[in-house]
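**Q** Residue 25 in UniProt numbering sits at position 25 of the sequence shown, with consecutive numbering throughout.
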Amino acid sequence: MKRKEALVQDLSNCKRRKVMKRAMITGITGQDGSYLAEFLLDKGYEVIGAVRRSSTEPFERIDHIR
1 MKRKEALVQD LSNCKRRKVM KRAMITGITG QDGSYLAEFL LDKGYEVIGA VRRSSTEPFE
61 RIDHIR
């Protein structure tokens, strides 16, 4: 019973404070990933991106939001 009460308390605490939404985007330096990142940032999300290792830095699509 205590576990259920703790869950109810956690839920009510979350409702009282604003929780920032997060998004993880794989391929953020690609065309779709960069557009999605910009869209989600405009909506107030915290965005985390994963990129593929390469010999060059392909960040030109996301330089304006880095």
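Yeah, the Cβ is synthetic: ideal placement off N, Cα and C, and Gly gets one too.
1. Compute the Euclidean distance between the alpha carbons of V19 and E46, then round it to the nearest angstrom.
2. Buried or exposed: where does A37 fall if 16 or more other Cβ atoms within 10 Å of its Cβ makes it buried?
3. So if DSSP puts V47 in a beta bridge, which residue, or which two residues, is it bridged to?
4. Quick check on DSSP: helix, strand or coil for I65?
5. Would the C-beta of G30 count as close to the ligand PLP, meaning under 7 Å from any of its heavy atoms?
**A** On the basis of the supplied data:
1. 11 Å
2. buried
3. A23
4. helix
5. With respect to the ligand PLP, the structure offers nothing, as it holds no ligand at all.
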